[in-house]
Structures are given as structure tokens and as C-alpha cells.
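Following: one structure in C-alpha cells, then a few remarks.
There are 2 protein chains.
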Amino acid sequence: MIYLCHMNEIKVNELLDKYGLRKTEVRKEILDVFITQNHALTHHDLQERIRDRFDRVTVFRTLSSFEEKGLIHQVLDNSNAAKYALSVDEKSQLEVSAHPHFKCEDCHQTYCLSEEELALPSLPDGFIMNKSHILLEGKCAHCS
Amino acid sequence: MIYLCHMNEIKVNELLDKYGLRKTEVRKEILDVFITQNHALTHHDLQERIRDRFDRVTVFRTLSSFEEKGLIHQVLDNSNAAKYALSVDEKSQLEVSAHPHFKCEDCHQTYCLSEEELALPSLPDGFIMNKSHILLEGKCAHCS
DNA sequence: AGCTAATTGCAACTTAGTTGCACTATTAAA
DNA sequence: TTTAATAGTGCAACTAAGTTGCAATTAGCT
């Protein structure tokens with residue numbers, strides 16, 4: 001694990017334990033990337049970051065198990081590749097729920113906005129909500 | 001155009017004119033499908049609906065030009081195929097902006113929720129919003 | 001140390017979406 | 001109404017995302 005700084009290595013092991021995931025090389029490295037970068041990442045972004053040292057399929061499967069255990073969640077995006085972000089806020093250690101994202105039309109960077117809860121629309125009778133995704137699009141501070 | 005009912009044919013021609021799109025067979029048929037079904041559709045859904053009478057590529061390109069001219073817009077979705085919906089409300093004839101959608105986890109149907117505007121999160125300095133996407137996930141009345 | 005179930009890599013696949021090019025149809029203007 | 005320019009279509013071939021099956025490997029137990 002020479003690629004991880006010591007601080008993150010501890011955090012990474014704790015998180016994998018906490019979410020009931022076996023501690024393997026790929027998982028430690030990918031989780032490290034999520035912690036270091038704090039924006040939504042695609043499979044492609046990760047592959048680049050870990051310099052293709054692990055198989056494509058393995059990375060896809062890693063994302064699946066992380067999502068299944070609730071460690072990451074899919075962030076909706078109008079590109080044609082799925083984006084994922086950590087479900088735990090590194091600062092507060094709290095689970096993040098339904099926080100909105102902002103995607104820049106020019107640089108395509110996806111930013112996490114505040115974690116404050118939003119007033120969501122009311123649903124018709126019989127409809128039950130489990131999850132919400134909010135994406136704003138426009139120009140970020142660098143591109144506007 | 002034997003596949004269109006007369007009512008829709010008039011509407012379809014008007015809309016294509018209004019959005020500066022040439023009136024071709026594929027476009028009339030695809031627009032008809034959007035008007036008839038009133039939920040978000042994938043390329044695959046459309047291909048099925050028009051019984052493969054037009055080429056895949058043509059349908060993709062039709063979606064692109066509709067989107068470019070603002071007749072349809074992409075509806076965010078966590079499936080791995082893009083979904084599109086009409087940008088005009090057939091009843092009010094008004095452009096629809098930022099209305100939320102609901103996707104059922106079981107039947108995967110995507111519903112349009114009310115068109116009422118929502119309170120959106122405040123943005124950091126220098127950020128400018130152009131579009132918003134809101135997707136709620138859960139169980140619909142039929143599946144809950 | 002040794003067992004078992006979970007994880008990995010590889011090859012081969014499916015499906016979404018794109019590109020280039022030759023051909024055809026729509027439209028606007030003569 | 002013919003025609004010329006331009007936009008749209010079909011085909012073939014491609015890229016890129018994501019999946020599946022299987023054999024080899026490894027983490028996490030006792």
C-alpha cells in the first residue's frame with residue numbers, strides 16, 4: 001500500500017470494516033481515491049487514478065459492492081457513464097442523505113453542494129420515497 | 001403517416017414547425033410517441049414503439065436534434081440508458097422547467113410529478129445555474 | 001497452518017452511443 | 001413546378017460502458 005498516505009490508510013481500513021467489506025488491495029486504493037478527491041467519480045476516473053493496475057471488471061465489481069453495502073452511492077449525471085460519491089462525510093462522519101450536486105457545463109466537474117436537507121415535492125397517494133437525487137447544471141466559478 | 005391519429009398529426013406538425021425542425025417521417029412518428037406516452041422514454045423504448053421501421057442511428061440523431069432545439073430534454077435516471085421527455089406540456093402548452101420525476105424501483109417506470117417550482121439550494125459565489133434535475137426513487141402506487 | 005467463501009483476472013460478451021460516407025428527401029427560391 | 005442547396009437517412013464499422021462465467025487466488029476465520 002505504498003500509494004496511500006498513512007492518515008488515509010487508517011481511515012480506509014476503519015471504513016471497510018465498518019461497512020462489512022473485506023480489506024483487499026483494490027478496495028483500499030479505490031476508497032483512498034474517493035477520500036482524497038472529494039467529488040463524484042466514474043469508473044473511468046478511478047481506472048486512471050489507479051493507473052490500470054487492476055482489471056476493469058474488478059473495479060466495476062468493487063463499485064458494486066461498495067454501493068451495495070452503502071459506502072458509496074450513485075450520483076446522477078447526464079454523461080453516459082455512472083458517477084459515484086462517498087456516502088459518508090469525511091468531516092462530520094455522518095451519512096450523507098440526498099445532498100444536491102452541481103455539474104459545470106464547461107469543465108464537466110461535479111461538485112457536492114451543502115448537505116442541508118431540501119423541501120422535496122409531495123407525492124401522489126400510494127407513492128413511497130426512498131432516495132432522492134438533485135443535480136443542478138450551469139457554470140462553476142472557474143468557468144463563468 | 002397511417003400510424004398517427006389525426007389529432008396528433010396536426011399537433012406534431014405544429015410543434016416541428018415551432019421548434020425549427022424539418023418535418024420528416026421519423027420525426028413525426030417519434031414526436032407522436034412522446035405525445036401519446038406521457039413519461040420519459042429511452043432510445044430503446046422508442047425503437048420498440050416504432051417497430052424498428054427506422055435505423056437505430058437515425059433515432060439517436062433524431063433525439064439529438066430534438067434536444068438541441070429544446071423540444072425534449074434529458075431526464076436523469078440511474079439506469080444506464082438516457083431517458084428523454086417532452087419539454088412542452090401538452091395541456092398548458094407551456095415550457096416545462098425543472099419539474100421533478102419519480103422512478104419506481106420495482107417496475108422502473110418514470111413518472112412526471114407536478115410542475116410546481118421547487119426551492120432549490122443556494123449556490124456558492126460565481127456559480128450560475130441553468131438547469132435542474134430532480135429524481136425521487138421509491139415505490140409507485142402499483143408496486144407498494 | 002489450513003479451510004472455506006469471497007474476490008480477482010481473463011476472455012468473451014451485450015448494449016448504448018458515435019462517426020464517415022454515399023444516398024435521399026425537405027425546403028425555399030426561381 | 002422545377003430545381004439547387006442543405007439537411008436528414010441508412011449502412012457499416014467503430015468506441016466505450018457494463019456484464020457474465022470460470023478458473024485461480026486470497027482474506028479471514030478456527
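Protein chains in written order, with our numbering: chain Y, 1 to 144; chain V, 1 to 144. Every residue, glycine too, gets a C-beta built ideally from N, C-alpha and C.
Using only the alpha-carbon positions, how far apart do C143/V and L136/V sit?
15 Å
Take the Cβ of E25/Y as the centre, count every other Cβ of all protein chains shown within 10 Å, and call the residue buried at 16 or more, exposed below.
exposed
Which of helix, strand or coil DSSP assigns to L136/Y
strand
Could you work out which residues of chain Y lie near F102/V, taking near to mean beta carbons separated by less than 8 Å?
L123, F127 and M129
Less than 8 Å between the beta carbons of L86/Y and F54/Y, yes or no?
no
Given this structure, state the Cα-to-Cα distance separating L16/Y from V59/Y, to the nearest angstrom.
16 Å
Per-residue contacts from N80/V into chain Y (C-beta, under 9 Å)
N80, A81 and A82
Taking 8 Å as the threshold (C-beta atoms), are Y84/V and L41/V in contact?
yes
Segment limits, beta strand (DSSP E) that includes I72/V:
I72 to V75
Pair within 8 Å by beta-carbon distance, L31/V and S65/V:
no
Would you verify that the beta carbon of Q93/V is, or is not, closer than 8 Å to some beta carbon of chain Y?
Residue placement at Q93/V is poorly supported in this model, since its pLDDT is 46, which falls under 50; the coordinates still yield a value, given next. By this cut-off, Q93/V is not an interface position.
Helix, strand or coil: how does DSSP classify T24/Y here?
coil
Pairwise C-alpha distance: V88/V and L94/V
For L94/V, the predicted model reports a pLDDT of 46, less than 50, meaning its position is unreliable and no value from the coordinates is stated.
Beta-carbon within less than 8 Å of E48/Y's beta-carbon, same chain only, minus the 5 sequence neighbours each way: which residues are those?
none
So what's L94/Y in DSSP terms, helix, strand or just coil?
Confidence at L94/Y is low in this model, with a pLDDT of 46, below 50, so the placement of that residue should be treated as unreliable; the coordinate-derived value is given next. Here L94/Y sits in coil by DSSP.
Contact set between C140/V and chain Y, taken where Cβ atoms lie within less than 8 Å:
G126 and F127
Among D45/Y, H133/Y, L113/Y and L63/Y, the one whose alpha carbon lies nearest that of S122/V:
L113/Y
Counting only beta-carbon atoms, is L46/Y nearer than 8 Å to chain V?
no
Simplified DSSP assignment, three categories, for F102/V:
strand
Given I72/Y as reference, the closest of H43/Y, Q109/Y and M129/Y once Cα atoms are compared
H43/Y
CB N8/V to CB K23/V, shorter than 8 Å?
no
My output table needs one value for L15/Y: the three-state DSSP class, helix, strand or coil.
helix
Taking beta-carbon pairs under 8 Å, can you tell me which members of the region 56-78 of chain V lie near chain Y?
Q74, L76, D77 and N78
With 8 Å as the threshold, decide whether the Cβ of E29/Y is near any Cβ in chain V.
no
For L120/Y, name the three-state secondary structure that DSSP assigns.
coil
Cut-off 8 Å between Cβ atoms - residues of its own chain near H39/V, not counting five sequence neighbours on either side:
A85, Q109, T110, Y111 and C112
Quick check on DSSP: helix, strand or coil for N8/V?
helix
For a cutoff of 8 Å on Cβ pairs, would you count E25/Y as touching chain V?
no
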